[in-house]
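Asker: Before we start, here is the structure in question, set down as structure tokens.
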Amino acid sequence: MANLEYRYGPMNSGKSMSLLQMAYNYEENNKKVLLVKSVIDTKGGDYLVSRIGPKRKIQIKLDKNESLLSDKYVGMLTNVDAILVDEAQFLTTSQVEDLWIIAKTKNISVICFGLKTNFKSEFFEGSKRLFELADKFKELETICSCGVKARFNARKVNGKFILDGDEFVIDGDNKSVKYVPLCSKCYLNKVFLPNKKM
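Following the working numbering, the numbering of the sequence shown begins with 63 at its first residue and continues without gaps.
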């Protein structure tokens, strides 16, 4: 029986690059992979893009109401050895459950890559369900500007850290928005305390 796995980390921890490397490794060994992402992730359009350059065409862009088990997609699962999902935090609860069902009933390895929490330090819907269902987890790491391991994703708008606003704002689409990986102490002092409503 195959596993559902979640590889997570803050911004700039190499999630997309790791996914691209994994796809390459599968294909070098004559294995078939299916690349999936949510339509919420508009960065790269129909491509999975890494911040450091490489890109690759996505086979499935899931709308929030779509299921990988629907007639539209189920045929694409034939002879697939692995499903690799980028930006998995954007998936719905139901879509994560579909991936779990696929891993367990179709014996297809499912490896999801994404963030653990949003800029408010709260679970995304998809990441929450992945932490509830996944068989394996791997944390991908990066560092804060202070040199300590980063755990949080902070949102800067026009150079100022904020704690309010829409959950989904893609940094490549909006030039005034930037995401920064921070350690706990820097997130507390630069983001949480200055923006906390007392």
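Ideal Cβ positions, reconstructed from N, Cα and C, are used throughout, including at glycine. In this text the structure is predicted, and so the values were computed from the model without any measurement.
(1) Taking the beta strand (DSSP E) that Ala216 falls in, what are its first and last residues?
(2) Taking Cβ positions, are Lys222 and Met63 nearer each other than 8 Å?
(3) Consult DSSP for Thr204 and reduce its assignment to one of helix, strand or coil.
(4) Expressed to the nearest angstrom, what Euclidean distance is found between the alpha-carbon atoms of Thr140 and Glu229?
(5) Between Val147 and Lys99, how many whole angstroms is the CB-CB distance? I'm expecting something under 8 Å.
(6) What's the gap between the Cα of Leu130 and the Cα of Leu161?
(7) Within 8 Å, do at least three Cβ pairs link the region 209-218 to the region 80-96?
(8) Grab me the residues of Lys94's own chain with a C-beta within less than 6 Å of its C-beta, minus the 5 sequence neighbours each way, in chain order.
(9) What's the call for Glu276, buried or exposed, on a 16-neighbour Cβ count within 10 Å?
(10) Indicate the three-state DSSP secondary structure (helix, strand or coil) for Phe185 in the structure shown.
(11) Within 10 Å of its beta-carbon, does Tyr70 have 16 or more other beta-carbons around it, so buried, or fewer, so exposed?
(12) Can you tell me where the beta strand (DSSP E) holding Val147 begins and where it ends?
(13) Quick check on DSSP: helix, strand or coil for Cys248?
Answerer: Let me spell this out:
(1) Within the sequence shown, residue 216 is the residue found at index 154, counting from 1. Element bounds for Ala216: Phe214 to Val219.
(2) Position 160 of the sequence shown holds residue 222. Position 1 of the sequence shown holds residue 63. Taking 8 Å as the Cβ cut-off, Lys222 and Met63 do not qualify as a contacting pair.
(3) As a position in the sequence shown, residue 204 is number 142, starting the count at 1. Thr204 carries a coil assignment under DSSP once its states are collapsed to helix, strand and coil.
(4) Within the sequence shown, the letter at position 78 stands for residue 140. Within the sequence shown, the letter at position 167 stands for residue 229. C-alpha separation (whole angstroms): 35 Å.
(5) As a position in the sequence shown, residue 147 is number 85, starting the count at 1. As a position in the sequence shown, residue 99 is number 37, starting the count at 1. That belief holds up - the Cβ atoms of Val147 and Lys99 are roughly 7 Å apart, short of 8 Å.
(6) Position 68 of the sequence shown, counted from the first residue, corresponds to residue 130. Position 99 of the sequence shown, counted from the first residue, corresponds to residue 161. Those two C-alpha atoms are separated by around 8 Å.
(7) In short, these stretches do not touch, since the Cβ pair count stays below three.
(8) Here residue 94 corresponds to residue number 32 of the sequence shown, with the count starting at 1. Only Asn141, Val142 and Asp143 meet the Cβ criterion.
(9) Not covered by the structure: residue 276. The range shown for the chain is 63 to 260.
(10) Within the sequence shown, the letter at position 123 stands for residue 185. Three-state result, Phe185: strand.
(11) In the sequence shown, counting from the first residue as 1, residue 70 sits at position 8. Buried, because 16 or more other Cβ atoms sit within 10 Å of the Cβ of Tyr70.
(12) On the sequence shown, residue 147 is found 85 positions in, with the first residue counted as 1. Val147 -> beta strand (DSSP E) spans Ala144 to Asp148.
(13) Counting from 1 along the sequence shown, the entry for residue 248 is found at position 186. Looking at Cys248 - three-state DSSP - the assignment turns out to be helix.
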